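Everything on this sheet refers to the single structure shown next.
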Amino acid sequence: MAKSALLKSSLAKKYWMALTGLFLCLFLAGHLAGNLQLIFSDALHFNQYALFMTSNPAVKILSYLTYISILFHAVDGFMLTYQNAKARPIGYAKNDPSKNSTFSSRNMAVLGTIILVFIVTHMVNFWAVMHFDKNMPLQTITVDVMGQKQDLYVTTNGGYMPVSQVAKSHEEAMKTGASNYIDHRTDFYNTQARVKVGEGYKDLHKITVAFFKDAKFGLIATLLYVISMFVLAFHLLHGFSSAFQSLGLNNPKYTPAIKGFGKAFAIVVPLLFAIIPVYIHFFIK
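For reference, each letter of the sequence shown is one residue, going 9 to 293 in my numbering.
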């Protein structure tokens, strides 16, 4: 087996590739559980989940570990593919890949590259917007007050704040006479006292729905997402059971169960992920 470009020991390479792969499988399961709220719950619960995932210290640590795992898994995989090809520059005279290996195992590098491109674009469209876009909207609800519609910001302490009473900045509040203003993108401050009186939810639910329902690109985005999940399924079909084998957990007693669970995971998880944008595009109004 070729030595890793990142780790000198081939044994260490096998363990790290397997462990990062399994860790990313756990991340997929957790991320799926949160994203399914787009179908089975409402905007408030999804935005509460998004706030928790971006503010909880323990989750932040896990997030950084996830980023590192993705980079390590990708770079090490690319280098291994290159080293294996370099070590065997001339193909065998007689070789029937379809009989000797599965499609997934033969194309892990290609499948992984497509998934990496998907992850980057996914983070640009959602993660980066959530963290850095100054125009990221705050969640509001519309209520009927004595026959008139009124928009209210939803606050993280379970309260509400009339949109008409909140300015975009302290300067705007002083000019318009608004009793409150927004600072640090989510915090509500009293204009006169300049003290924090509440905090709003970044409306990731609204951003996500708008992305997949966009009149021009929503259908294309949905189709590309579904195709990416199809690719992920093939990547997992080989990667899940291969990780256990690399860790030496291929006891004949447990191997059938591991392979069975791996196949189920590789089908169910990407399928549920794929259903989410389809549901948003065609069924959410």
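Ideal Cβ positions, reconstructed from N, Cα and C, are used throughout, including at glycine.
What you are looking at is a predicted structure, and each value in this text was computed from that prediction instead of being measured.
Check whether residue i and residue j have beta carbons under 8 Å apart
i	j	result
Asn-55	Lys-210	yes
Gly-161	Ala-175	Correcting the residue identity first, residue 161 is Tyr in this sequence and not Gly. No, these two residues do not count as a Cβ contact at 8 Å.
Thr-230	His-178	no
Val-205	Phe-196	yes
Ala-8	Leu-244	The displayed coordinates of the chain run from 9 to 293. Any statement about residue 8 would go beyond what the structure contains.
Phe-238	Pro-278	yes
His-213	Ala-41	no
Phe-111	Ser-236	no
Phe-273	Cys-33	yes
Ala-82	Leu-119	no
Phe-134	Ile-78	no
Lys-157	Thr-150	yes
Phe-35	Thr-62	no
Ser-249	Ile-266	yes
Nearest-angstrom Cα separation, counted from residue j out to residue i
i	j	result
Ala-10	Asp-84	Any reading at Ala-10 is ruled out, since the residue's pLDDT is 44, under 50, leaving its predicted position unreliable.
Tyr-3	Thr-194	Residue numbering for the chain in the displayed model covers 9 to 293; residue 3 lies beyond these limits and cannot be assessed.
Gly-29	Leu-280	20 Å
Gly-167	Glu-207	10 Å
Lys-293	Lys-221	9 Å
Val-67	Leu-59	11 Å
Met-182	Val-171	16 Å
Phe-283	Thr-184	For the record, residue 283 in the displayed sequence is Ile; it is not Phe. Approximately 46 Å between the Cα atoms of the pair.
Val-128	His-246	23 Å
Gly-268	Asp-159	51 Å
Pro-180	Phe-80	Position check: residue 180 holds Glu in this sequence, whereas Pro was assumed. Between Glu-180 and Phe-80, the C-alpha separation is close to 47 Å.
Leu-70	Ala-37	14 Å
Phe-48	His-39	15 Å
Gln-173	Val-217	27 Å
First and last residue of the uninterrupted alpha helix (DSSP H) at residue i
i	result
Lys-271	263-291
Phe-48	45-48
Gly-120	116-130
Lys-183	178-184
Gln-173	Per DSSP, Gln-173 belongs to no alpha helix (DSSP H) and is neither H nor E.
Residue-level contact to chain C via CB, residue i, 8 Å cutoff
i	result
Gly-268	The chain inventory of the structure shown lacks chain C, comprising one protein chain alone.
Extent of the continuous beta strand (DSSP E) to which residue i belongs
i	result
Met-138	Note, Met-138: premise wrong, no beta strand (DSSP E); alpha helix (DSSP H) at 136-140.
Thr-150	148-153
Curious, which full-length alpha helix (DSSP H) runs of at least 4 residues does the stretch 209-250 contain?
Those alpha helix (DSSP H) runs which fall completely within the stretch 209-250 and span 4+ residues are 212-221.
Pairing CB atoms from the stretch 251-267 with CB atoms from the stretch 128-147, are three or more of them under 8 Å?
Fewer than three beta-carbon pairs drawn from the stretch 251-267 and the stretch 128-147 are found closer than 8 Å, and the two stretches are therefore not classed as touching.
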